[in-house]
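Data first, discussion second: the structure below is written as structure tokens.
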Amino acid sequence: MKLDSITLSSVLSEIKNNYLPSKIVEVKQISKYEISFALKNKQILRNLFISIRPDRMAFFIKESFFSEDNFPSLFLKQLKSWIEGGMLTDAQHYDFDRFIKLSIEPYNRFGKIKKYQLLIEFMGKHSNIVLIDDEEIIKAPLKQVGSDVNRFREIKSGNLYVYPPQQEKNNLLKTGPKQLIQIWKKYLTENKENYLWEFFLDNFKGIGGKTAQEIVSFLDFSPKQIITDIDEQKFNLLSVKFSLLIEKIKNNNFNPTVLINNSTGQIVDYFLFSPSAEQDYKLIPFQNTSSCLDFIYNKLIEKEKKQNLYNITRKIIIKNIEKLTEIESSLLKREKEILNCEEYKKKGELLKANLWKITPGSTEVKVIDYTDNSLPEIMILLNPQLSPLQNLTHLFQKYKKLKKNADMIQKQIDNNKQELSELIILQNKVNKKMNSLEDLICIYNQLMKLGYIKKNNDTPLRKKAEQQPAISKFLSPDGWTILVGKNNKQNEYILRNLSTGNDFWLHNLTKPGGHVIIKNHNNLDSPPYLTLNFAASLASYYSKTKDKETAYIIYTKRKYVRKAKNSKPGKVIYTNEKTFPVTIEYETIKNEIDKMIVV
Numbered sequence: 000m001k002l003d004s005i006t007l008s009s010v011l012s013e014i015k016n017n018y019l020p021s022k023i024v025e026v027k028q029i030s031k032y033e034i035s036f037a038l039k040n041k042q043i044l045r046n047l048f049i050s051i052r053p054d055r056m057a058f059f060i061k062e063s064f065f066s067e068d069n070f071p072s073l074f075l076k077q078l079k080s081w082i083e084g085g086m087l088t089d090a091q092h093y094d095f096d097r098f099i100k101l102s103i104e105p106y107n108r109f110g111k112i113k114k115y116q117l118l119i120e121f122m123g124k125h126s127n128i129v130l131i132d133d134e135e136i137i138k139a140p141l142k143q144v145g146s147d148v149n150r151f152r153e154i155k156s157g158n159l160y161v162y163p164p165q166q167e168k169n170n171l172l173k174t175g176p177k178q179l180i181q182i183w184k185k186y187l188t189e190n191k192e193n194y195l196w197e198f199f200l201d202n203f204k205g206i207g208g209k210t211a212q213e214i215v216s217f218l219d220f221s222p223k224q225i226i227t228d229i230d231e232q233k234f235n236l237l238s239v240k241f242s243l244l245i246e247k248i249k250n251n252n253f254n255p256t257v258l259i260n261n262s263t264g265q266i267v268d269y270f271l272f273s274p275s276a277e278q279d280y281k282l283i284p285f286q287n288t289s290s291c292l293d294f295i296y297n298k299l300i301e302k303e304k305k306q307n308l309y310n311i312t313r314k315i316i317i318k319n320i321e322k323l324t325e326i327e328s329s330l331l332k333r334e335k336e337i338l339n340c341e342e343y344k345k346k347g348e349l350l351k352a353n354l355w356k357i358t359p360g361s362t363e364v365k366v367i368d369y370t371d372n373s374l375p376e377i378m379i380l381l382n383p384q385l386s387p388l389q390n391l392t393h394l395f396q397k398y399k400k401l402k403k404n405a406d407m408i409q410k411q412i413d414n415n416k417q418e419l420s421e422l423i424i425l426q427n428k429v430n431k432k433m434n435s436l437e438d439l440i441c442i443y444n445q446l447m448k449l450g451y452i453k454k455n456n457d458t459p460l461r462k463k464a465e466q467q468p469a470i471s472k473f474l475s476p477d478g479w480t481i482l483v484g485k486n487n488k489q490n491e492y493i494l495r496n497l498s499t500g501n502d503f504w505l506h507n508l509t510k511p512g513g514h515v516i517i518k519n520h521n522n523l524d525s526p527p528y529l530t531l532n533f534a535a536s537l538a539s540y541y542s543k544t545k546d547k548e549t550a551y552i553i554y555t556k557r558k559y560v561r562k563a564k565n566s567k568p569g570k571v572i573y574t575n576e577k578t579f580p581v582t583i584e585y586e587t588i589k590n591e592i593d594k595m596i597v598v
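Okay, here's the thing in structure tokens:
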């Protein structure tokens, strides 16, 4: 889902013209990187949705509201505390780049009116949402960025906010025809074989590849147009039409349209001002950009849900088909034994008649088969650890057991065949209906009814991140990442899933408490003193250590920590440990936690 400056500009125009000022009725965090604001303007409620997921960035107004529970995070608590109930007074597009500023006046019954800005940086995997005050001090970042990640631009609570570095590109809205021609001439000297759309991509802020191609189509050129094939006269005409494009952007004069593949029903792309469709594709027009983006985002969510459901149901079905196939093989082997159970009886009778011939410790005995008219000699295998009488008893017991289980085995074979047949039918259905969310949900529910999925399991439609325990993450004064578990489930999770052998593990020596992990990204033999002291303070704080009491914190590398066999979650044994004494002061550590916590 593309999200560039022209799209952001269009949504901002909608917000300014229809929803300012608005009261922020409620703040919700849908997932780790998705935030929504319920806005009330002239008794009309709308939802401002923001996503900084790298694969699915979004910014638009929704008419519907999210019913999901809030994703628990410190960032959400801070937004609720500082801006929920306040007024959204302005929305600005910073230098026509992928950067939004939302101005907010929080509800304040007494004292001086404070002002906040919510800054939204759409920068791929480096995207972030940061709340700053009127002095540009960071109050709450969605993602804290330490010096180990970016030395020049730390994003941490209490720091002065530093704006992202400026690109050496032009602002599309501030570029007139004459300036466009100058940029073109300069570009020609360095990039002679490039396409025309690459000229717009390389020279203007916030423009993606697909939007650059859409601009070229609007200017009546092919996306495969080579820039050197355009003479100065043609480019002068292009610059005139370029001015019309700028006016469209400034006036938010767009015709948002979604391109759908008829055969698959999948979204191919969306256009704001220059839609084009080929055979087997259809165009769906929208009244405004927000409704267009909302439609696309819902389709992407549906696609993700379908993929998750397909993967889960397919995995469960294949796993159980393999299991039932193994059971079938075992049952058929058992059935064969039952069909031959008379052989055990015959051998028992023959052994009974020849007990006098058997010496203790024999592994076999040769006897005459008097049940056959030709009286052949047959060999009967014996267990040398059993006496002759015990061998005889064993054969008769096996005969009786198999005879008794004959009907039950047949019933088990029939039931197993039926289950296997049902699963194979469901497997074929899953493969045929993999693009239908409704059908996949029905198949999932059917698997639940058949007992292959436990009813108390989390639904697969929930996001993976929501199924994981919430782990507290901190940045130490040296910029090292520290993870803290506060209960057995979290302790188990950080040990098993979030730590590696060279990380450092800390725990209170004498009192119950949480596990603390220092991430050793540089594979050093020991952490810096300030990092170790802060991590030890956390291990002490999240244990039963009293205020102003000295705690003895043990630490060792994670590879020297292991689970004892059959031990409870969070219980470990360790070696090569060292002891680090630390005196805990609740107020001090609370202040440090507020500054250093990473959401």
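According to numbering that gives the first Met the number 0, the sequence shown is numbered sequentially starting from 0. A virtual CB, placed ideally from N, CA and C, is assigned to each residue, including glycine. For clarity, every value in this text was computed on a predicted model and none was experimentally measured.
Based on Cα-Cα distance, which residue from the options lies nearest to residue i?
i    : options                : result
P176 : I379, K233, T509, E189 : K233
N254 : F59, E104, P284        : P284
T549 : N532, P580, D3, R97    : P580
T256 : T6, K564, I583         : T6
I588 : N519, N250, N532       : N532
L157 : V148, W183, S329, V129 : Position check: residue 157 holds Gly in this sequence, whereas Leu was assumed. Comparing Cα positions, the closest option is V129.
N252 : L258, I259, L243       : L243
P468 : I423, S12, F48, F70    : F70
L308 : K545, Q417, I379, M433 : M433
Q178 : F121, S238, E325, N496 : S238
E246 : L171, D371, K410       : L171
Skipping 5 residues on each side, what residues in its chain have a beta carbon closer than 6 Å to that of residue i?
i    : result
K155 : Q143
P387 : L354, I357
D293 : F59, K61
R557 : S498, G500, D502, W504
Q166 : K204
P526 : F503, I517
P20  : M86, T88
A139 : F74, Q77, L130
E465 : With a pLDDT of only 42 at E465, under the threshold of 50, the placement of this residue in the model should not be trusted; the figure read from the coordinates follows. Excluding positions up to five away in sequence, the list is empty.
Alpha carbon to alpha carbon, what distance is there between residue j and residue i?
i    : j    : result
N430 : K124 : 33 Å
F36  : I119 : 14 Å
K240 : L218 : 6 Å
Y280 : I470 : 46 Å
K351 : Y369 : 13 Å
E421 : K27  : 43 Å
K399 : E342 : 12 Å
N190 : K168 : 16 Å
D132 : K76  : 17 Å
Y528 : L159 : 26 Å
K543 : P476 : 24 Å
I377 : I367 : 6 Å
E231 : I266 : 38 Å
N319 : K335 : 24 Å
P375 : K346 : 13 Å
I259 : S290 : 16 Å
K510 : V483 : 16 Å
N590 : C441 : 51 Å
K185 : A211 : 19 Å
L2   : V515 : 39 Å
D537 : L523 : A small correction: the amino acid at residue 537 is Leu; Asp does not occupy that position in the sequence shown. One C-alpha to the other measures close to 21 Å.
Y585 : Y573 : 28 Å
A563 : E491 : 13 Å
Once you ignore the five residues that flank residue i on each side, which residues in its own chain have a CB closer than 8 Å to its CB?
i    : result
L385 : H393
L623 : Any property of residue 623 remains undetermined from this structure, which presents the chain solely from 0 to 598.
Per DSSP, which residues does residue i bridge with? Please list them.
i    : result
W504 : I516, T555
V257 : Y269, I283
Y540 : Partner(s): none; Y540 has no beta bridge.
V429 : Bridge partners of V429: none, in fact.
M56  : I51
P140 : V129
L87  : S21, I103
F74  : F74 pairs with nothing; no bridge assigned.
Apart from the five residues just before and just after residue i, which ones in its own chain have a Cβ nearer than 7 Å to its Cβ?
i    : result
K223 : Y194
K463 : Caution is warranted here: a pLDDT of 42 is assigned to K463, below 50, making its placement in the model unreliable, and no coordinate value can be reported.
S539 : N507, A550, I552, V581, I583
Beta carbon of residue i: closer than 8 Å to some heavy atom of the ligand SAH?
i    : result
I119 : Ligands displayed in this structure: none; no statement on the ligand SAH is therefore possible.
Are at least three pairs of beta-carbons, each pair with one atom in the stretch 296 to 312 and one in the stretch 272 to 279, less than 8 Å apart?
-> no
Okay, do the stretch 94 to 111 and the stretch 200 to 218 touch, 3+ Cβ pairs below 8 Å being the bar?
-> yes
Touching by the beta-carbon criterion (3+ pairs, under 8 Å), the stretch 484 to 497 and the stretch 558 to 570 | yes
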